[in-house]
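Here the structure is laid out as structure tokens; the discussion comes afterwards.
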Amino acid sequence: MFRTVSKILAVTAVSTVLAVGSAFAAPITIKFSHVVAENTPKGQMANKFKDLVAERLGDKVIVEVFPNSQLFGDNKVLEAMLLGDVQLAAPSLSKFERYTKSLQLFDLPFLFKDMAAVEKFQKSAKGQELLKSMESKGLIGLGYLHNGLKQLSSSKPLKVPADASGLKFRIMTSDVLAAQFEALDAVPLKKPFSEVFTLLQTKAIDGQENTWSNIYSKKFFEVQPYITESNHGVIDYLVVTSTEFWKGLPDDIRGEVKKALDEAIAFGNSVAAEKATSDRQRIIDSKRSKVLELTDAERDQWVKAMKPVWSKFEKDIGKDLIDAAYSSN
Ligand code: SIN
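Numbering (my numbering), first residue to last: 5 to 333.
Printed below as a string of structure tokens:
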């Protein structure tokens, strides 16, 4: 009798400890670091993800969003992710060169004619394979997120490639983008996004390339008198995490987090499509910067000047990948 009672007491004590333990289990924190403003496709996507996770996973998972390079800038975030200091980021596809050459594909000038072609390629088997291209380096792509096509902003009007000759342009950390500006006889400078406004304002550089949403939200248009609507490339993002973190999540939590992420990405993509039009119009309405449209003949000159870059990187990227991406147009 005495032994039975003490057994019951012991079992009850263990279950109480377990129940209390799980009730007080520390929540999983996902720090999401990015470099852009909150009123951008990526900023809106990150905030949506945070809200969906809060709604569905309560206090089991907490998402903390750090916009505007508050936590990490471009050059540090992937290292920090591998060290476990941040769990989620969505750098531009131009910023993975140290980890894979395949993603350089997206920097080839005039590869995609519009965002529909980008989307079509990314949904294809080859596009999906690229999400896994850095697994051996400890990083895993969870999805693509759009921003938009790139425009050239400058301190002087750029109508034909010769107008860019000798000018200094800030670029993201990409050798393809460096080659693109070298093909124009211009000077490319790899600089973090957080420094671009000051570099333009102080005239340390003459120009830069970016999407309408980034040019608007970071006020580049206030310090750049001309923007050429060149649509010569794309800024798209890889939503990325560390393989160790991702595989270490309990299965049910990982499933719910991925679902919330997919929905947030779909929302971010709709914001991207809307901002490509509305932020362009806001810039035009501001009258701070003149938007220059190209004639077909002028555009052909830019294509002719920049396209030789493709053959330089064909070996690193792979001809089959380039062909597959181009055929999505
Ligand atoms: C971004 O959109 O995340 C930044 C792009 C850039 O570095 O120009």
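Every residue, glycine too, gets a C-beta built ideally from N, C-alpha and C.
Only a predicted model underlies this, so the values are computations on that prediction, with no experimental measurement involved.
Each of Lys172, Leu86 and Asn151 was checked against the Cα of Val191, and the nearest Cα belongs to Lys172.
Excluding five sequence positions before and after Lys117, the CB atoms of its chain that fall closer than 7 Å to its own CB belong to Asn333, given in chain order.
According to the DSSP assignment, Phe100 belongs to no alpha helix (DSSP H), since it is labelled neither H nor E. At a cut-off of 6 Å, the beta-carbon of Asn273 does not count as near the ligand SIN: no heavy atom of the ligand is closer than that.
Shortest Cα-Cα distance from Asp240 to any of Val69, Lys154 and Lys222 involves Lys154. Pro113 is not a Cβ neighbour of Val243, given a cutoff of 7 Å.
Excluding its 5 nearest sequence neighbours in each direction, Pro196 has C-beta neighbours in its own chain below 8 Å: Val39, Ser73, Gly77, Asp78 and Asn79, listed in chain order.
Residue pairing for Asp240: DSSP places it in a beta bridge opposite His150.
Contact between the stretch 94 to 112 and the stretch 179 to 190 is present, with at least three C-beta pairs closer than 8 Å. Judged by DSSP in its simplified three-state form, Lys308 adopts helix. Contact annotation: Asp320 and Lys136 have beta-carbon atoms that are not nearer than 7 Å. Checking the DSSP bridge columns, you'll see Ser157 partnered with Gln212 and Ile231. DSSP lists no beta-bridge partner residue for Gly252. When rounded, the separation of the alpha-carbon atoms in Lys163 and Thr44 is 28 Å.
Burial check for Leu87: the Cβ neighbour count within 10 Å stays below 16, so the residue is exposed. If you draw a straight line from the Cα of Val81 to the Cα of Val261, it is about 21 Å long. Within the stretch 52 to 95, the runs of beta strand (DSSP E) at least 3 residues long that lie entirely inside it are, in chain order, 65 to 70. The C-beta separation of Leu298 from Thr215 comes to about 17 Å, leaving the pair out of contact by the 8 Å criterion.
Distances between the C-beta of Asn218 and the heavy atoms of the ligand SIN include at least one below 6 Å. Membership of Lys35 in any alpha helix (DSSP H) is not indicated; the residue belongs instead to the beta strand (DSSP E) covering Ile32 to Ser37. According to the DSSP assignment, Val191 belongs to the beta strand (DSSP E) that extends over Val191 to Lys194.
Note on geometry: alpha-carbon atoms of Pro165 and Asn235 lie some 14 Å from one another.
The count of Cβ pairs closer than 8 Å, one atom from the stretch 265 to 277 and one from the stretch 30 to 39, stays below three, leaving the stretches out of contact. One thing to note: Arg292 has its Cβ no nearer than 7 Å to the Cβ of Glu213. A straight-line Cα-Cα distance of about 32 Å links Trp250 and Lys323. Between Val122 and Val238, the C-beta gap is smaller than 7 Å, which places the two residues in contact.
Counting along the chain, Phe185 sits inside the alpha helix (DSSP H) bounded by residues Asp179 to Glu186. 7 Å or more divides the Cβ of Ala328 from the Cβ of Gly152.
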